[in-house]
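Visitor: Numbers in the numbering used here are just positions in the sequence shown, counted from 1, shifted up by 85. Heads up, the beta-carbon is just placed ideally off N, CA and C, and yes, glycines get one too. Take a look at this one; I'll ask things after.
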Amino acid sequence: MKRLIPSGRLLAPLMLAACAATAHAQDAPATTHPVAADAMGLVKAAVVDMRNCSKAKYPPGTLPEVARGTTFLSLLIGTDGAVLESQLERSSGHPQLDEAARAALSICRFTPAQQNGQPVQQWATVAYVWEPDAR
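And the structure:
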């Protein structure tokens, strides 16, 4: 079973909802980078909400029964909610899974951070958990 959970670092809690029938989400604290939040004095952190995202799929040649792990990615959320950049923070141990998670999350739209009521760019960290489907 695949599930998404954000890794917490700072500020208000983020709610992460299921993005597909076989994905599970867990609630966790915000995922903003402390330097960005402190330097900008953000009022509201970016919201990484997976309900409108397609789930990452196991790449061809990987076996869900064998390939497991958690991919940690940092995403730069633009003022329009688009992902402008992505960086691998910690590998799942399977490069194909890391790339599949990065590709899937990079085309999602999120709620941008706000400062003084105006949208601003901000980095957010997301953990994508790869697990075989429970049957």
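Taking its Cβ as the centre, do 16 or more other Cβ atoms sit within 10 Å of Gln207, making it buried, or is it exposed?
Guide: Numbered from its first residue, the sequence shown carries residue 207 at position 122. Its Cβ being crowded by 16 or more others within 10 Å, Gln207 is buried.
Visitor: Going by the CB atoms, is the gap between Gly146 and Pro197 shorter than 8 Å?
Guide: Position 112 of the sequence shown, counting from 1, holds the residue named residue 197. Position 61 of the sequence shown, counting from 1, holds the residue named residue 146. Contact flag unset, no.
Visitor: Taking only runs that begin and end inside the region 152-177, name each unbroken beta strand (DSSP E) of 3 or more residues, in chain order.
Guide: Correct list: 154-162 and 168-175.
Visitor: In three-state DSSP terms, what is Gln181?
Guide: By one-based count along the sequence shown, residue 181 stands at place 96. In the structure shown, Gln181 sits in a helix (DSSP, three-state: H, G or I).
Visitor: Within the same chain, show all residues whose beta-carbon is closer than 7 Å to that of Asp183, passing over the 5 residues directly before and after it, in chain order.
Guide: One-based indexing of the sequence shown puts residue 183 at position 98. Cβ within range, chain order: Thr156, Leu173, Ser176 and Ser177.
Visitor: Check Ala212 in the structure and name its three-state DSSP category.
Guide: Counted from its first residue, the sequence shown places residue 212 at position 127. In this structure, Ala212 counts as strand in the three-state DSSP scheme.
Visitor: Taking 8 Å as the threshold (C-beta atoms), are Asn137 and Arg194 in contact?
Guide: Residue 194 sits at position 109 when you count from the first residue of the sequence shown. Residue 137 sits at position 52 when you count from the first residue of the sequence shown. Contact: yes.
Visitor: With C-beta atoms as the reference, is Gln200 less than 8 Å away from Val128?
Guide: Within the sequence shown, numbered from 1, the residue matching residue 200 stands at position 115. Within the sequence shown, numbered from 1, the residue matching residue 128 stands at position 43. A contact, by the Cβ cut-off of 8 Å.
Visitor: Got a sec? Which residues, its chain only, sit under 6 Å from Glu150 by beta carbon, not counting five neighbours each side?
Guide: On the sequence shown, residue 150 is found 65 positions in, with the first residue counted as 1. These residues qualify, in order along the chain: Pro217.
Visitor: If I measure Cβ to Cβ from Glu170 and keep anything under 7 Å in the same chain, skipping five residues before and after, which residues do I get?
Guide: As a position in the sequence shown, residue 170 is number 85, starting the count at 1. Correct list, in chain order: Leu161.
Visitor: Suppose you measure from the CA of Ser139 to the CA of Ala212; what does that come to, to the nearest Å?
Guide: Locating residue 139 in the sequence shown gives position 54, where the first residue counts as 1. Locating residue 212 in the sequence shown gives position 127, where the first residue counts as 1. Roughly 15 Å between the two C-alpha positions.
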